[in-house]
Amino acid sequence: MCVRTFLNTVLFGVGAVLWLAVTGLVAGPFLYLWPGKNGCNARRFVYVQAKGILFFMRLCSRSWRVERGPRPQGPCVVAANHASALDLYTVAAFGYDNVLYITKGWVFKLPFFGKVMRAAGYIDAETTPPQQMLDRCRQAVKDGCDIVLFPQGSRKNPLARFKSGAFYLAIELGLPVIPLAIGGTGKMLPSGALWLRPADILLGTLGAVYPADFTGPLDHLEMAREVKKRIMDYLQKEHML
Amino acid sequence: MNISKEEIIRQTNEALKKEFELTDAQLTPQANLKDDIGLDSLDAVDMVVVLEQKFGMNIRQGYDLRSIVTLQDLYNFIEKIAQESMQNK
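Top line first, the protein sequences correspond to chains A and B. Under my numbering, residues 221 to 461 are what the first sequence spells out, in order. Under my numbering, residues 237 to 325 are what the second sequence spells out, in order.
Written as structure tokens, this is what we have:
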């Protein structure tokens, strides 16, 4: 282990934990009293926390690049590749401050985070019945939320298959999908790692993919392949895969 | 539909590889569709549509698909439907 990795881990560990603890202690009581319509205040609180985490990620990175593609008007589905726990915070780099995450169930069992996630109205992908999930997403879209998913399902580096659920949702709700390419987080903090290595980080939102461009009973599968291809092509072009 | 077992296996594997980005190594007859191949409930629905298109038959109506656990179960199931459609002609 190099000195930079050790310093990174200490800096991120202390800085991020302090940031989460202080903001949690300050904002917690307010969120409890004023959760906002359908958890919108909690979602904005998560955005503020994520911005802080991104600040520490940036300090720990070797290089940091954020590329913003054109964003369509109105709510979208954001579909990202997933190689690290750090990926959860990356959407905040693009200023998406009102997002609904659909994630795995174990995250809801974490102390503190689980409570915030429930307050924010995030959806447990493993236990929520499909129709209920669709209804909650429809309501969230009415509230102006973007929906964020990691279609690989779990942290995998390099890219694994994109499961089609996110795209089925986008087609059902008639929302464009913004591919979010995340490069370097899998090197900085891969699944199971405890040390934060210095790495080049690239975050890029790519041109939107629209449901109307896909037809037939397997439209969501085609859309999943298209979004994955765009992310792969982008990361390969930037030598991040 | 007159189709051999080998052809069912070949066409099923071909369709699964294309639609679900699977490799030959994953497609063993004993492979569990959920645990080994990683197909979730929506994938299972998609798989049925893919196979209906591939073999030109109706799989969804009148059959209990919950008994299909492994790839071998899937091959056997398609073979059974193919035989039934032959007998009904």
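Even for Gly, the Cβ is constructed at its ideal location relative to N, Cα and C.
Item: Is the beta carbon of T310/A sitting closer than 9 Å to the one on L423/A?; Value: yes
Item: Going along chain E in order, which residues have a C-beta closer than 8 Å to the C-beta of S384/A?; Value: Structure shown: chain E not included; protein chains present are A and B.
Item: Give a yes or no on whether the C-beta atoms belonging to P431/A and A390/A are separated by under 9 Å.; Value: yes
Item: Below 8 Å, can you find three or more Cβ-Cβ pairs linking the region 339-350 of chain A to the region 374-384 of chain A?; Value: no
Item: Determine, for P292/A, whether the minimum Cβ-Cβ distance to residues of chain B falls below 9 Å.; Value: no
Item: Run down chain B in chain order and give the residues with a C-beta less than 7 Å from the C-beta of P378/A.; Value: None at all; the shortest Cβ gap to chain B is about 12 Å.
Item: P418/A and S281/A: beta carbons closer than 9 Å?; Value: yes
Item: Give, in chain order, every unbroken run of the alpha helix (DSSP H) that is at least 4 residues long and sits entirely within the region 221-273 of chain A.; Value: 223-253
Item: Out of F276/A, F250/A, F275/A and L354/A, state which residue places its alpha-carbon closest to the alpha-carbon of F265/A.; Value: F250/A
Item: Determine the chain B residues that contact P399/A at a beta-carbon separation under 8 Å, and present them in chain order.; Value: Here the premise fails: no neighbours, minimum Cβ distance about 17 Å.
Item: For D453/A, does the three-state DSSP call read helix, strand or coil?; Value: helix
Item: In this structure, what does DSSP give as the bridge partners for T306/B?; Value: N268/B
Item: Near F232/A, which residues of its chain fall below 6 Å by C-beta distance, leaving aside the five closest residues on each side in sequence?; Value: F276, C280 and L416
Item: In chain A, which residues lie less than 7 Å from F256/B when you measure between Cβ atoms?; Value: R381
Item: Interface residues of chain A around V305/B at Cβ under 8 Å?; Value: Those within 8 Å of V305/B in chain A number zero; the least Cβ separation is about 20 Å.
Item: Between G274/B and chain A, is the shortest Cβ-Cβ distance under 9 Å, so that the two count as touching?; Value: yes
Item: Just reading off the beta strand (DSSP E) that L426/A is part of, what are its end residues?; Value: Element bounds for L426/A: n/a, residue is neither H nor E.
Item: Would you call the region 331-338 of chain A and the region 428-444 of chain A in contact, with 3 or more CB pairs under 8 Å?; Value: no
Item: Tell me whether L252/B sits in a helix, a strand or coil according to DSSP, three-state version.; Value: helix
Item: Are any of the Cβ atoms in chain B nearer than 9 Å to that of L438/A?; Value: yes
Item: Should L441/A be flagged as near chain B, meaning a C-beta pair shorter than 9 Å?; Value: yes
Item: Hey, out of A280/B, I314/B, N324/B and M322/B, whose CA is closest to I244/B's CA?; Value: I314/B
Item: Assuming F370/A and A444/A are in contact, meaning their beta carbons sit under 8 Å apart, how far apart are those beta carbons, in whole angstroms?; Value: The Cβ separation is near 12 Å, so there is no contact.
Item: Could you tell me whether the Cβ of G325/A comes closer than 9 Å to any Cβ of chain B?; Value: no
Item: Are the C-beta of P350/A and some C-beta of chain B separated by less than 9 Å?; Value: yes
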